[in-house]
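Q: In numbering that gives the first Met the number 0, the protein residues as written are 0 to 481.
Before anything else, here's the structure in question.
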Amino acid sequence: MTFDRRRLISELESIAGPEFVAWKPEDLLVYEYDGSIDRATPLAVVVPADVDQVSAIVRLCRQYEVALVPRGAGTGLSGGAIALDDSVQIVMSRFRRIISVDVDNMTAVVEPGVVNADLSAHVARWGLYYVPDPSSQRACTIGGNVAENAGGPHCLAYGVTTNHVMGMEVVLANGNVVWLGGETRETAGYDLRGAFIGSEGTLGIATRVAVRLQRLPEAVQTMVATFRSLDQATQTVSDIIASGVLPAAIEMIDKVTIAAVEPYYHPGYPPDAEAVLLVEVDGLRETVKEESAHIEGICRRNGTSDFRSSDDPVRRAELWATRKGAIGAFGNLRPNYYLVDGVVPRTKLRDVMRKISNLGAELDVLIANVFHAGDGNLHPCILFDEREPGAVEKTIAAGEKILELCVEAGGALSGEHGIGIEKQAYMGLMYNPDDLAAMARLKPAFGAGECFNPSKIFPTGRDLHGAAYRGPIRRTGTAEVV
Ligand SMILES: Cc1cc2nc3c(=O)[nH]c(=O)nc-3n(C[C@H](O)[C@H](O)[C@H](O)COP(=O)(O)OP(=O)(O)OC[C@H]3O[C@@H](n4cnc5c(N)ncnc54)[C@H](O)[C@@H]3O)c2cc1C
Numbered sequence: 000m001t002f003d004r005r006r007l008i009s010e011l012e013s014i015a016g017p018e019f020v021a022w023k024p025e026d027l028l029v030y031e032y033d034g035s036i037d038r039a040t041p042l043a044v045v046v047p048a049d050v051d052q053v054s055a056i057v058r059l060c061r062q063y064e065v066a067l068v069p070r071g072a073g074t075g076l077s078g079g080a081i082a083l084d085d086s087v088q089i090v091m092s093r094f095r096r097i098i099s100v101d102v103d104n105m106t107a108v109v110e111p112g113v114v115n116a117d118l119s120a121h122v123a124r125w126g127l128y129y130v131p132d133p134s135s136q137r138a139c140t141i142g143g144n145v146a147e148n149a150g151g152p153h154c155l156a157y158g159v160t161t162n163h164v165m166g167m168e169v170v171l172a173n174g175n176v177v178w179l180g181g182e183t184r185e186t187a188g189y190d191l192r193g194a195f196i197g198s199e200g201t202l203g204i205a206t207r208v209a210v211r212l213q214r215l216p217e218a219v220q221t222m223v224a225t226f227r228s229l230d231q232a233t234q235t236v237s238d239i240i241a242s243g244v245l246p247a248a249i250e251m252i253d254k255v256t257i258a259a260v261e262p263y264y265h266p267g268y269p270p271d272a273e274a275v276l277l278v279e280v281d282g283l284r285e286t287v288k289e290e291s292a293h294i295e296g297i298c299r300r301n302g303t304s305d306f307r308s309s310d311d312p313v314r315r316a317e318l319w320a321t322r323k324g325a326i327g328a329f330g331n332l333r334p335n336y337y338l339v340d341g342v343v344p345r346t347k348l349r350d351v352m353r354k355i356s357n358l359g360a361e362l363d364v365l366i367a368n369v370f371h372a373g374d375g376n377l378h379p380c381i382l383f384d385e386r387e388p389g390a391v392e393k394t395i396a397a398g399e400k401i402l403e404l405c406v407e408a409g410g411a412l413s414g415e416h417g418i419g420i421e422k423q424a425y426m427g428l429m430y431n432p433d434d435l436a437a438m439a440r441l442k443p444a445f446g447a448g449e450c451f452n453p454s455k456i457f458p459t460g461r462d463l464h465g466a467a468y469r470g471p472i473r474r475t476g477t478a479e480v481v
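Written out as structure tokens, the structure is:
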């Protein structure tokens, strides 16, 4: 290490307070992870209280030539919040104020550490909600959502984070504080707000976010249909969309997932169910009634073996439980999961799902599928046990093949979880070196260079994905360093 780590830590402590700086190995352990399978130990962790502290920390780290990695709740699934290359993690969990709500204009300004579901819960008293609803919404933060351009079940009809964020206050690499976009719905000039959203913490640190809110719908109907084959279920998705109805959400789980959720939620799906489709429509009462009947007809024509439907909030939450709780329930089958996030054109869904199933058999890996079927956003979860020799390597190889299948089908490497550490080595599947170089020029344009979240998104030539299992990522959190 070419600098004095002890001094850096003591200066971080003088900015944020000693109780808000972690550097002991046992304290750093919990910051090694996010929701992905990658991990690395940060040099130190700092938890600032306000924008002035963020700005001072950015300036200090720049002086020491140490990079900063922003962190929200650490639920990311591509390794975005993991600190590589001896960087300091800056955790935004003290930024959790909802600063203002403009009920008439249906907007709000919040701090980035606000938990996604808490915002909707807060504004419900005015009949409003915040649309993007990642399945992790009870834990993930608005800052993390902005950085990943997060989606969610209800983004099919209403759009992902970028469609609901008007602007954000950002601390740049020189410590200056700027607004990208604004607190109003329209701004003129280049869409720098749009460039920041989905930039995965590589361009700056968001310290405030101005969001759009939407009126809670008058009526909501949730329908769950089980099918004896995955083909019937995927055909139903195509038929619903082709019929001209755009539901608020179309989600699917497959047979492996059904086996995982059945003992937890006891939904009592028929024993021969191979796929469960969840469709939700919302809007004006009359329209919802008409569209629900229309969707039920399509499900029945495609041979649903069990159809359930409700507009009652408690019953609707029960219908959603198996979808929303699916990932946690995988612990029932295997201790580890690797959730792959790829997109395919909806028309290729059936074909790609079949290929993924064949791939599982060919590579001898257990794959569960739980996904946003309506927008072709696949989430094959490879279930494994990291203690079994070779299991991690097999899992990573299967993940790579799945992403290749998605790209070959005309899809994309990521629907919503970002590139992070996980997919940087696969960027070449979609982009040539000129494309990547053009994209990378955005960083210096923001003055960011490698100041924020180094070695993410762009191929580094290093084998970083799954590296913690092989050992090359240096563990910096050792007692003798400080
Ligand atoms: C069970 C489960 C279900 C999920 N379902 C979905 C889903 O339906 N849709 C979906 O899109 N995602 C989903 N995710 C992934 C994850 O929840 C999202 O990517 C979420 O947006 C991450 O938010 P976070 O606060 O946890 O961010 P983190 O994981 O802490 O960080 C994610 C990225 O954001 C950056 N970042 C965080 N805060 C800031 C900030 N203030 N300024 C700049 N950069 C910042 C980090 O550097 C990192 O690159 C799911 C995850 C889990 C575990």
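Where a beta carbon is used, it is the ideal one built from N, C-alpha and C, also for glycine.
Might you give, ordered along the chain, the residues of its own chain that have their beta carbon closer than 6 Å to the beta carbon of Asp305, omitting 5 neighbours on each side?
A: Thr225 and Pro269.
Q: Leaving out the 5 sequence neighbours to the left and right, which residues in its chain are closer than 8 Å to Val164 when beta-carbon positions are compared?
A: The answer, listed in chain order, is Val145, Gly180, Arg192, Ile196, Val208, Ala209, Val210 and Arg211.
Q: Might you give, ordered along the chain, the residues of its own chain that have their beta carbon closer than 6 Å to the beta carbon of Ser134, omitting 5 neighbours on each side?
A: Hits under 6 Å: Lys323.
Q: Is it buried or exposed for Gly150, if we count other Cβ within 10 angstroms and need 16 for buried?
A: Classification of Gly150: buried, given that the 10 Å Cβ count is 16 or more.
Q: What's the C-alpha gap between Arg307 and Asp384?
A: Their Cα atoms are separated by approximately 35 Å.
Q: Between the alpha carbons of Ser291 and Val236, how many angstroms are there, rounded?
A: In a straight line, the C-alpha of Ser291 is about 14 Å away from that of Val236.
Q: How many angstroms separate the CA atom of Ala466 from the CA atom of Arg96?
A: Cα to Cα, Ala466 sits roughly 37 Å from Arg96.
Q: Apart from the five residues just before and just after Gly282, which ones in its own chain have a Cβ nearer than 6 Å to its Cβ?
A: Answer for Gly282: Pro216, listed in chain order.
Q: What did DSSP end up calling Ile297 once you bin it into helix, strand or coil?
A: Here Ile297 sits in helix by DSSP.
Q: Under 8 Å: do the stretch 21-36 and the stretch 67-75 share three or more Cβ pairs, one atom per stretch?
A: Yes, since at least three Cβ pairs between the stretch 21-36 and the stretch 67-75 fall closer than 8 Å, the two stretches touch.
Q: With DSSP collapsed to three states, give me the class of Gly476.
A: With a pLDDT of 37 at Gly476, under the threshold of 50, the modelled position of that residue is not reliable, and the figure given next carries that caveat. Coil.
Q: Using the beta-carbon count (16 or more within 10 Å), is Glu182 buried or exposed?
A: So Glu182 counts as buried.
Q: Just to confirm the assignment: which complete beta strand (DSSP E) runs, minimum length 3, are found wholly within the stretch 213-247?
A: With a minimum length of 3 residues, the continuous beta strand (DSSP E) runs that stay inside the stretch 213-247 are 218-226.
Q: Fully enclosed by the stretch 28-108, which alpha helix (DSSP H) runs are 4 residues long or longer?
A: Those alpha helix (DSSP H) runs which fall completely within the stretch 28-108 and span 4+ residues are 50-63.
Q: Specify whether the stretch 253-261 and the stretch 328-338 touch according to this definition: at least 3 beta carbon pairs, one from each stretch, less than 8 Å apart.
A: They touch, by the three-pair rule.
Q: Are there any heavy atoms of ligand 1 lying less than 6 Å away from the beta-carbon of His378, as far as the coordinates show?
A: His378 Cβ: outside cutoff for every heavy atom of ligand 1.
Q: Taking a contact to mean a Cβ-Cβ separation below 7 Å, would you say Asn301 touches Gln234 in this structure?
A: A contact, by the Cβ cut-off of 7 Å.
Q: Our contact map puts Pro458 next to Ser86 with C-beta atoms below 8 Å; I'd like the distance itself, whole angstroms only.
A: So it is not a contact: roughly 19 Å between Cβ atoms.
Q: Looking at the strands, I want to know which residues DSSP matches up with Ala274.
A: Answer is Phe226 and Asp253, bridged to Ala274.
Q: In the structure shown, what three-state DSSP assignment does Ser198 receive?
A: Correct three-state label for Ser198: coil.
Q: Where does Gly166 fall in DSSP's three states?
A: Reduced to three states, the DSSP call for Gly166 is strand.
Q: Just list the alpha helix (DSSP H) runs in the stretch 136-196, keeping only unbroken ones of 4 residues or longer that don't cross its boundaries, in chain order.
A: Runs of the alpha helix (DSSP H) inside the stretch 136-196: 141-147, 154-157 and 191-195.
Q: Would you tell me roughly how many angstroms separate the C-alpha atoms of Arg38 and Val68, rounded to the nearest one?
A: So the alpha carbons of these two residues sit roughly 13 Å apart.
Q: Heavy atom of ligand 1 less than 6 Å from the Cβ of Pro133, yes or no?
A: Yes, Cβ of Pro133 sits closer than 6 Å to a heavy atom of ligand 1.
Q: By alpha-carbon positions, which one of Ala248, Val244 and Thr221 ends up nearest to Gly375?
A: The residue with the shortest Cα to Cα distance from Gly375 is Ala248.
Q: Please state the DSSP three-state secondary structure of His416.
A: Reduced to three states, the DSSP call for His416 is coil.
Q: For my contact list, Glu279 and Gln220 are in at a C-beta cut-off of 8 Å; report their separation, rounded to the angstrom.
A: Right, their Cβ atoms sit about 7 Å apart.
Q: Hey, would you say Leu76 sits closer than 7 Å to His416, going by beta carbons?
A: Their beta carbons are under 7 Å apart, which means Leu76 touches His416 by this criterion.
Q: Determine the direct distance from the alpha carbon of Thr161 to that of His121, and round the result to whole angstroms.
A: So the alpha carbons of these two residues sit roughly 21 Å apart.
Q: Evaluate Leu28 with the Cβ neighbour count: other Cβ atoms within 10 Å of its Cβ, from every protein chain shown; 16 or more gives buried, anything less gives exposed.
A: So Leu28 counts as exposed.
Q: Does the distance between the C-beta of Thr74 and the nearest non-hydrogen atom of ligand 1 fall short of 6 Å?
A: Yes, the beta carbon of Thr74 sits closer than 6 Å to at least one heavy atom of ligand 1.
Q: I'd like to know if the stretch 309-320 and the stretch 342-349 are in contact, where contact means that at least 3 CB-CB pairs between them fall below 8 Å.
A: Too few Cβ pairs lie closer than 8 Å, so no.
Q: Should Thr321 be counted as a contact of ligand 1 given a C-beta to heavy atom distance under 6 Å?
A: No.
Q: Quick one: complete alpha helix (DSSP H) runs, 4+ long, within the stretch 333-377?
A: DSSP runs (the alpha helix (DSSP H)) wholly in the stretch 333-377: 348-362.
Q: With 16 other CB atoms within 10 Å as the buried threshold, where does Ser198 fall?
A: Flag for Ser198 reads buried.
Q: Is DSSP giving Cys450 helix, strand or coil here?
A: Note: Cys450 maps to coil in three-state DSSP.
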